[in-house]
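Protein sequences appear in the order of chains R, V, D and F. Mapping to numbering that gives the first Met the number 0: the first sequence position 29 is 28, numbers consecutive. Mapping to numbering that gives the first Met the number 0: the second sequence position 136 is 135, numbers consecutive. Mapping to numbering that gives the first Met the number 0: the third sequence position 133 is 132, numbers consecutive. Mapping to numbering that gives the first Met the number 0: the fourth sequence position 279 is 278, numbers consecutive.
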Amino acid sequence: MPWDEGLVNSLVYDEPDPDQGRVLSYPHALNESLDLALSGDPSVMILGQGVDDPSAMFGTTKGLRERHGNARVFDTPLSEEGMMGICTGAAMRGMRPVYMHNRPDFILLAFNQLITHASKCHFMDNGLNKVPLVVWAAIGRGWGSGAQHSQAIQGLLIGVPGLKIVMPSTPYDAKGLMLEAIYDNSPTLIFEHRWLMKKSGFVPEKKYTVPIGKGIVRREGKDVTIVGASHAIELAFQASKKLFEIGIDVEVIDLRTIQPLDDEIIGNSLKKTGRLLVVDTGWAIGGVCAEIGFRAAEKWFSDLKSPVRRIGLPDVPTPAGYGLEQFFYPTADNIAETVREMCVKK
Amino acid sequence: MPWDEGLVNSLVYDEPDPDQGRVLSYPHALNESLDLALSGDPSVMILGQGVDDPSAMFGTTKGLRERHGNARVFDTPLSEEGMMGICTGAAMRGMRPVYMHNRPDFILLAFNQLITHASKCHFMDNGLNKVPLVVWAAIGRGWGSGAQHSQAIQGLLIGVPGLKIVMPSTPYDAKGLMLEAIYDNSPTLIFEHRWLMKKSGFVPEKKYTVPIGKGIVRREGKDVTIVGASHAIELAFQASKKLFEIGIDVEVIDLRTIQPLDDEIIGNSLKKTGRLLVVDTGWAIGGVCAEIGFRAAEKWFSDLKSPVRRIGLPDVPTPAGYGLEQFFYPTADNIAETVREMCVKK
Amino acid sequence: MRYTYEGNGYKGWEKNLDFFGKDFLVELFYKMLRIRMIEEEIEGRYHDDFMKTPIHLVIGQEATAVGACSALKYSDLLYSGHRTHGAYLGKGGDLKKMLSEMHCKSNGCVGSRGGSMHLIDPDVGMAWSSAIVGGALPIATGAALASQVRKENNVIMVFLGDGGTEEGVCSESLNFAALKKLPIIFFCENNFYSVQSPLQTRQPKRDIVRWAEGHDVNAIAVDGTNVLDVYKTARNAVEDIKNGSGPWFIEAKVYRFRAHGGAGDDSKTGYRDIKEREAWEKQCPVNSYSSFLMRNNILANQQRLDMERKIKIEIKDAFDFALNSPEPQKTDLYQFVYAD
Amino acid sequence: MRYTYEGNGYKGWEKNLDFFGKDFLVELFYKMLRIRMIEEEIEGRYHDDFMKTPIHLVIGQEATAVGACSALKYSDLLYSGHRTHGAYLGKGGDLKKMLSEMHCKSNGCVGSRGGSMHLIDPDVGMAWSSAIVGGALPIATGAALASQVRKENNVIMVFLGDGGTEEGVCSESLNFAALKKLPIIFFCENNFYSVQSPLQTRQPKRDIVRWAEGHDVNAIAVDGTNVLDVYKTARNAVEDIKNGSGPWFIEAKVYRFRAHGGAGDDSKTGYRDIKEREAWEKQCPVNSYSSFLMRNNILANQQRLDMERKIKIEIKDAFDFALNSPEPQKTDLYQFVYAD
Ligand SMILES: Cc1ncc(C[n+]2csc(CCOP(=O)(O)OP(=O)(O)O)c2C)c(N)n1
Ligand SMILES: Cc1ncc(C[n+]2csc(CCOP(=O)(O)OP(=O)(O)O)c2C)c(N)n1
Ligand SMILES: [Mg+2]
Ligand SMILES: [Mg+2]
């Protein structure tokens, strides 16, 4: 879609510093991790609608079938629930499937297999079987995605026991977390954000992993803690720059994975700042924002100097039209404004 | 299941006071509301697996087919996703289906139709179509339900825009909220709790409704606010009796509906008590508990005297065996103990 | 070349034309030509970036849209998937409302909230569509149930693609429709591809129509490039249903000449053979029917030119209308989350 | 009476017995008898309330469990739905572990965490089961995919009921299995009911096997009360699959003599005609086969009595074992949420 490509291309990302090392695009980083995983372990397989077509799932699966064969890299029927179960069954028999989706919306068709089967097998089986399954999807935004192609469903899944949920924000993490997820023996969801696909960054060539369940402080600050993951980190960063100009020093925590959640890193930050804003790409109500805010008010209550706040999607479905969409998504300005309010009202 | 019937029958519920008026069992109250709805409006229909069989969905649908005919009261194939869509399509064409499930677990098969279709139609259609659909399910517990037949999924749905979620705790509310849900023009979920089916209570004969989105103070108190719905209210009550004996005066708020959420009633209570415990029949993480706790820490932060607390299901799937199950579910004792802790630590 | 045309063109139809009457035959052509020209104009303007919406063109698939919809009355209802343009226009949807929707304007058919995959116009029975593959199937089935319960005596039709049959809910919908003998036609446009995935990587070698038949619905395959075949088949199904036959499943083999989404063809990326597309273009539904009509002296060249001129004006007006229509406001966003 | 027996009993089998050998024929009987006696003992003790678990008895359905499983080797894998008892025992699952599971003991086959609908025993290839109708179908299909990719040369079998075919995922699983020519047998026990709902309120009148065939899998119907028919059909399918035929779907018509769940029959509630059950009981898989063997002098009455005595002892021992087994501890609850 021309306008949309333009929109996404116009996103201002920091230019990566080539002195740090090799620079790769986000999809390329993912492609490299999938390639390494396929090469290193014959039980890894990559499947999903169109993974072997010329568009290659945003480029992330480019060349994989050619290099690793159709038995382990293949296109699937349009049967999300069935394929989720097929991946689960194959995983229990020793395979390590990476099941890829254009959009998280399509995973909703497979919630029975994901939630009532994959996440529970190891527990119900008393440890007899494991489900080393990775489910990958890129959250849609723009392109007129509308209500049925833009859902960010991590908030629905955060409470389900047995699942791990990963949301990278940089090409480096995308590669390292993908490899970690593939090696992990529990079913792990990776939610990318379509807009991050345009990002580039430093990505080492070697096989490396980023641990699941550990966040990272992306910016140190003393006044307010912003917690988030994935594309929300980009927005938080932009906001933090604006805020710095008016004397507010923000700490930005990139959770990297939202289940298990890195309580320690949040707690340590709150001890310093006493103020929490949670930002998420999903609905504000009942999801990631609510969970993190709750924990703050339970575990670090005495550290809190002001009410916890959140910025997620409003309690309405996504409009398809570009005009309305502009009023729908959080912006760096919203974030900056909210943080300012938090600092004013003591 | 004999042992299980015994277990559920042994639940101690307060004997309803017959001076208040007519006493009905919980399923009977629901049966009456469905009967009234069918009689009053030819567009109402009741469907679901086994709604016309001798077990009659816990007795809630007994006699309805005989009285109202097979065209509007009927059994369905085992096709949860399909039937959810069929209900949605029929609702858009002027019917008012009540789609009943033995267990919320089975609704997970239909999340695509529920979340990506039913909840969004009115919005996507710019108001052209409405979806007056009721989806009903009874949360399982005991009976060796295990991980696949016990899930209380309200926490997964609370963040989805466009849905209403009702969780009654008394036969009176069960009837009044069912009628309100049927008359409501938005898709509404009703989650009963299987253990409440043994309860009896005062239920007026006439057609009456209980408003969606309004909670009720079930017990006034000044020290701690316990917020919950459905079966959690029973536990909160039992706990509040124990606590009263040791001098802690608990306020119990029955939300009745968890979406929309009655902020006002919670806020008013917190202004008085300054202490919040949220109790839910679902997973503690990321669901109803988290949402309500978050709101407290955002909106009534300055009223809070101690950390917010929650009691829901632990972050593990439900074990099937009775032995392990006893360690799994919250009890009145857990609740009482938590409240005591909250009052000690100032 | 994986998928080749296996039909007979209009062979045999010469002798059966009286069945319809000339006006009707010409009207079918006009409708197809109109859809083709609208689609080409959308395609041509797409890079101007005023239509900020995905598009799924039906260029090459006009005979299915027009043939199937022409068998329906206004009171009959149409449902569709993501590939809505043909369905919407075939059912008589308002072109201005459609283009306004595609320009994200507040007077779009759903106020810019649904976008191009959600073109509906209840005024003419274009009832609903879903951007989720298979999503509209049970919803249409539910509409058929409502019609049956309310004794509305109309027929429901739902469009799906070959990919749509792979969703379990398609099987569930067929089963329920057959069980209740609902008044519904499942109209499957088998264009052999789902995005860039060929049928053979998604389904075993057997006809889709055979799969449908197993569900105990009436089922038939038809040449989807031939508007008369499509019309006749759909009309028979409609009549059958009115006589209590219960559901029909129609598989129309057809080809899209453009990319799955967006403007232009993408065969050069290699997922399908350019020769395959070229071979199907010889069966272009608009041109093959045009030639047939001309051969039989039902349509004259000048007549076609007049039509084109007329349609061009209509299209230009509609685009002007859309471009000059009002933008939605921020407050609109919060409307219609719940229904009154 | 809605559903009547349409088979031929053991007619014709007299002439074909050499095919198997006597020991094998007797063994089939022993296995069926054992399952029947175990089920009856479970049923008899159920009201003692020590088994705090739902039960779905297979009394009346022994021929399918034994016939189908006997066609499998240990390295072949079996999957099932909620009605697990027959599958578990047929595949050779450990009786003590089964009864411990049903008594919620820590040494149950899955440590009391799965319950009676989740009886698995990987040691003998009883691979998995799901309490969700249709839930095991794609999981079994995935196992078949793994076998194919890893060239394991085994066969996967999955049990389902008539109700299971109504879940969309059944269609999706058949499609994928057919597409990839996977080594899998879908074994459908059509007992005409889902809980208390008769088939006719859930599916149109057509054979389930015809529906399956539409998916391009090999499909065949068989008399599910006749253990030899079942065995032969399953064995042919296994051999066919080893020769690369791709998936099979077997529909076995059969009847459950007890309620959907729990002890005793519930026909008196009226959802099915007691006469219907009684008519099917005349085709009791255990007794009809027993008579057949005795008629043909392959089994003697005394032999059957000896078997019964032996089995009784085994059952008593297993119950004693289960009753005296340790309870799970609180810390067990938090085990195995994530896998190491
Ligand atoms: C459930 C679901 N899965 C995947 C998609 C992505 N998708 C959109 S259109 C499409 C192709 C569908 O193919 P087909 O049904 O044959 O229709 P066609 O585009 O060929 O007309 C796909 C896979 C979707 N929208 N919904
Ligand atoms: C998805 C789902 N829907 C409903 C149920 C409730 N349920 C449990 S067993 C059963 C009957 C299934 O019938 P069938 O497949 O014919 O097997 P049978 O019990 O006759 O062996 C039903 C409806 C379930 N477990 N899962
Ligand atoms: Mg297609
Ligand atoms: Mg059955």
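Glycine is no exception: its CB is placed at the ideal position from the N, C-alpha and C atoms.
Taking all protein chains shown into account, decide if residue i is buried (16 or more other Cβ within 10 angstroms of its Cβ) or exposed.
i: I232(V); result: buried
i: F23(F); result: exposed
i: R71(V); result: buried
i: F18(F); result: exposed
i: V348(R); result: Residue 348(R) is absent from the structure shown; chain R starts at 0 and stops at 345.
i: K129(V); result: buried
i: I334(V); result: buried
i: E277(F); result: exposed
i: Q328(F); result: exposed
i: I245(R); result: exposed
i: Q150(V); result: buried
i: R308(V); result: buried
i: Q282(F); result: buried
i: I37(D); result: buried
Are residue i and residue j touching if we call contact CB-CB under 8 Å?
i: G243(D); j: K150(D); result: no
i: F248(F); j: L173(F); result: yes
i: G292(V); j: D261(V); result: no
i: G322(V); j: C103(F); result: yes
i: I45(V); j: V97(V); result: yes
i: N189(F); j: V253(F); result: yes
i: K304(R); j: R274(R); result: yes
i: A137(R); j: M196(R); result: yes
i: G167(F); j: S129(D); result: no
i: G154(R); j: G285(R); result: yes
i: L16(D); j: I85(V); result: no
Which residues of chain A have a Cβ atom closer than 8 Å to the Cβ of residue i, listed in chain order?
i: G154(R); result: This model lacks chain A altogether; the protein chains it does include are R, V, D and F.
How would you list, in chain order, the residues of chain D whose beta-carbon sits under 7 Å from the beta-carbon of residue i?
i: W210(F); result: G213, H214
i: T87(V); result: I138, G141
Kindly list, in the order they appear in chain R, the residues whose Cβ is closer than 9 Å to that of residue i.
i: H117(D); result: G145, A146, Q147, A319
List the residues of chain D that residue i touches, going by C-beta distances under 8 Å, in chain order.
i: E290(V); result: Near E290(V) there are no residues of chain D at all, since even the closest Cβ is about 17 Å away, more than 8 Å.
i: Q48(R); result: S193, V194, S196
Show which residues of chain F have a CB atom less than 7 Å away from the CB atom of residue i.
i: A177(D); result: P203
i: P76(V); result: E165, R201, Q202
Residue i touches chain V at which residues, Cβ-Cβ below 8 Å?
i: D339(D); result: N184
i: W282(R); result: G158, V159, P160
Could you name the residues of chain R that residue i contacts, counting a contact when the two beta carbons are closer than 7 Å?
i: L332(D); result: V315, P318, L323, F326, F327
At a CB-CB cut-off below 8 Å, which residues of chain F make contact with residue i?
i: E80(V); result: G167
Which residues in chain F sit within 9 Å of residue i, going by Cβ to Cβ distance?
i: W142(V); result: K51, T52, P53
List the residues of chain R that residue i touches, going by C-beta distances under 8 Å, in chain order.
i: E171(F); result: P76, S78, E80, G81, M82
Any residues in the stretch 111–128 of chain V with a beta carbon nearer than 8 Å to a beta carbon of chain F? Which ones, in chain order?
none
Measuring CB atoms only, is the stretch 124–135 of chain F touching the stretch 111–126 of chain R, in the sense that at least three cross pairs come out at less than 8 Å?
yes
Within the chosen definition, does the stretch 154–168 of chain R reach the stretch 222–237 of chain R through at least 3 CB pairs nearer than 8 Å?
yes
For the stretch 51–70 of chain R and the stretch 189–197 of chain D, state whether three or more C-beta atom pairs, one from each stretch, are separated by less than 8 Å.
yes
Interfacial residues, the stretch 37–53 of chain F to chain V, with Cβ spacing under 9 Å:
Y45, H46, D47, D48, F49, M50, K51, T52, P53
If we count Cβ pairs, one from each stretch, closer than 8 Å, do we get three or more for the stretch 220–237 of chain F versus the stretch 62–82 of chain F?
yes
Stretch pair the stretch 205–225 of chain V + the stretch 174–191 of chain V: three plus CB contacts closer than 8 Å
Taking 8 Å as the limit for Cβ pairs, the verdict is that the stretch 174–191 of chain V does touch the stretch 205–225 of chain V.
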